[in-house]
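Here the sequence shown stands for residues 4 to 352, numbered as in our numbering. See below for the structure under consideration.
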Amino acid sequence: MNTTTVNAYAATSATEPLVRTTIERRAVGAHDVLIEIAYSGICHSDIHTVRGEWGPMPYPLTVGHEIVGVVTEVGTEVTLHRVGDRVGVGCMVNSCGACANCLAGVEQYCLKGNTGTYAATDQDGTITQGGYSTHIVVVEHFVLKVPENIPYEAAAPLLCAGITTYSPLAHWNAGPGKKVAVVGMGGLGHMAVKIAHAMGAEVTVLSQSLSKRDDGLRFGADHYYATSDSETFTTLANTFDLIINTVSAKLELDSYLSMLALDGTMVNVGAPPEALPLHVFTLFTNRRSFAGSTIGGIRETQEMLDFCAEHNIAPEVEVISADGINAAYERVLSSDVRYRFVIDVATLK
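As structure tokens, this is what we get:
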């Protein structure tokens, strides 16, 4: 098969609305898989990217890194997937495969830099284009198997929101006897609550207001506090073993770090564009740690999908047509989504 033109939605600049267009997909190589995309989630990272908030971008650009679909063609040497398989693609589509981190199965931390699903330079020199499109060609190693009992449209956000929260919860041993706080109850936050609860932790939500309290408790939270109330920080001082911060806004880090118990860790998975100041003395108390985490390796992402299937965990989604992407972006920015938009890619065909 030669290079193929497929329908897509793309950003033409940092300020213009996304538009319907076409993009090129490479020919299927020996180790490649061609996927007909069924659903693609909308992540806040997509918005940061297309609006140039994380640096200048190569326009026109098709974003989207929460992708599920069906294998329609495989390369001659592919062994991991077959035509007809229900599969997914997350935030990366390649890595060097040879550095210490890749060999350890944490390709997201590839020492040469992993190849992002969009806005990255692929190994053939082209710019990667993401999941707001009808098809994608991906190296087989970076294609995940989507369990049958996860609702198809709900599976897409697991490839970013799911693994972004699962990875630090697993790494820092969330489970029975651990007190875990989740900052923010958006697309990432609601997944962190569901996963931490399924792991057996005691879960507290720290949200600006109590407007989503009923949802939080329904998702598995044991407690729910408003951070707009200064008493929250006094009440919960020295409480948590682990805090997962999912928001991409500037926080008063010292206030949140002060809620960590002895040897507690606060992990940022939200990615605000500006620097976040803190006082080192806050870390000295209780031997606290402040850390960061990004997505997960392919092995861990498959582990997350299987865990979610086993525990009947799925994101709360609102399915939209491709023509609704720009309106969805505005709603994400005003926190008017519960909890993840997913594009029905059939509307692009």
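Ideal Cβ placement from N, Cα and C applies to all residues, glycine included. As the structure is a prediction and not an experimental result, all values here were calculated from the model.
Own chain residues within Cβ distance below 6 angstroms of L209, not counting five before or after: The count along the sequence shown starts at 1 and reaches residue 209 at position 206. Closer than 6 angstroms at the Cβ level, and outside the excluded window around L209, lie A184, V186, Y228, T230.
Where does the unbroken beta strand (DSSP E) through D244 begin, and where does it stop? Position 241 of the sequence shown, counted from the start, is the residue given in the question as residue 244. Per DSSP, the continuous beta strand (DSSP E) segment holding D244 begins and ends at 243-248.
If you draw a straight line from the C-alpha of L114 to the C-alpha of S296, how long is it? Here residue 114 refers to the residue found at position 111 when the sequence shown is read from its first residue. Here residue 296 refers to the residue found at position 293 when the sequence shown is read from its first residue. Rounded to whole angstroms, L114 to S296 spans 15 angstroms at the Cα level.
Closer than 7 angstroms to a non-hydrogen atom of the ligand ZN - does that hold for the CB of V31? The ligand ZN is absent from the structure shown, which contains no ligands of any kind.
Hey, quick one: how far does the alpha helix (DSSP H) through A157 stretch, first residue to last? Along the sequence shown, one-based indexing puts residue 157 at 154. 155-158 is the span of the alpha helix (DSSP H), which, as asked, contains A157.
Residues in the same chain with beta-carbon distance under 8 angstroms from C102, minus the five sequence neighbours each way, listed in chain order, please. Sequence index remark: in the sequence shown, residue 102 carries index 99 (1-based). The answer, listed in chain order, is C113, L114, K115.
Unbroken stretches of the beta strand (DSSP E), 3 residues or longer, contained in the segment 68-93: Correct list: 70-77, 89-92.
Residue closest to G299, alpha-carbon to alpha-carbon, out of N117, L213, S48: Against the sequence shown, residue 299 aligns to sequence position 296. The residue from N117, L213, S48 with its alpha-carbon nearest to that of G299 is N117.
Does the count of Cβ pairs from the segment 197-211 and the segment 136-148 closer than 8 angstroms reach three? No, the segment 197-211 is not in contact with the segment 136-148.
Alpha-carbon to alpha-carbon, T285 and L260: As a position in the sequence shown, residue 260 is number 257, starting the count at 1. As a position in the sequence shown, residue 285 is number 282, starting the count at 1. Near 7 angstroms, if we compare the C-alpha coordinates of T285 and L260.
What would DSSP say about D339, mapped onto helix, strand or coil? The sequence position of residue 339 within the sequence shown is 336, counting from 1. Per DSSP, reduced to three states, the secondary structure at D339 is coil, with no helix or strand assignment.
In terms of residue numbering, what span does the beta strand (DSSP E) encompassing M269 cover? Locating residue 269 in the sequence shown gives position 266, counting from the first residue. For M269, the enclosing beta strand (DSSP E) has its first and last residue at 263-271.
Taking the runs of the beta strand (DSSP E) that are 3 residues or longer, which of them lie wholly in the segment 21-49? The DSSP assignment places complete beta strand (DSSP E) segments of no fewer than 3 residues inside the segment 21-49 at 22-28, 35-44, in order along the chain.
Spatial neighbours of A157 within its chain, please: C-beta separation below 7 angstroms, excluding the five flanking residues on both sides. Walking along the sequence shown from the start, residue 157 turns up at place 154. Contacts found: A317, P318, V320.
Expected contact under 8 angstroms - CB spacing of D35 and G100 to nearest Å: Looking up residue 35 in the sequence shown gives position 32. Looking up residue 100 in the sequence shown gives position 97. Between G100 and D35 the Cβ distance is about 15 angstroms, and since that is not below 8 angstroms, they are no contact.
At 3 residues or longer, and completely inside the segment 112-174: list those beta strand (DSSP E) runs for me, N to C. Within the segment 112-174, the beta strand (DSSP E) runs of at least 3 residues that lie entirely inside it are, in chain order, 138-142.
Leaving out five residues before and five after M307 in sequence, what residues of the same chain have Cβ atoms less than 6 angstroms from its Cβ? Within the sequence shown, the letter at position 304 stands for residue 307. Excluding the 5 residues flanking it on each side, M307 has same chain C-beta neighbours closer than 6 angstroms at G165, I166, Y169, in chain order.
Of the residues V250, M188, E56, which one's Cα is nearest the Cα of H226? To locate residue 226, count along the sequence shown from 1; it is residue 223. Closest option to H226, Cα to Cα, is M188.
8 angstroms contact criterion, which T249 and A195 should meet: CB distance rounded: Here residue 249 refers to the residue found at position 246 when the sequence shown is read from its first residue. Here residue 195 refers to the residue found at position 192 when the sequence shown is read from its first residue. Going by Cβ atoms, the distance from T249 to A195 rounds to 6 angstroms, so yes, they are a contact pair.
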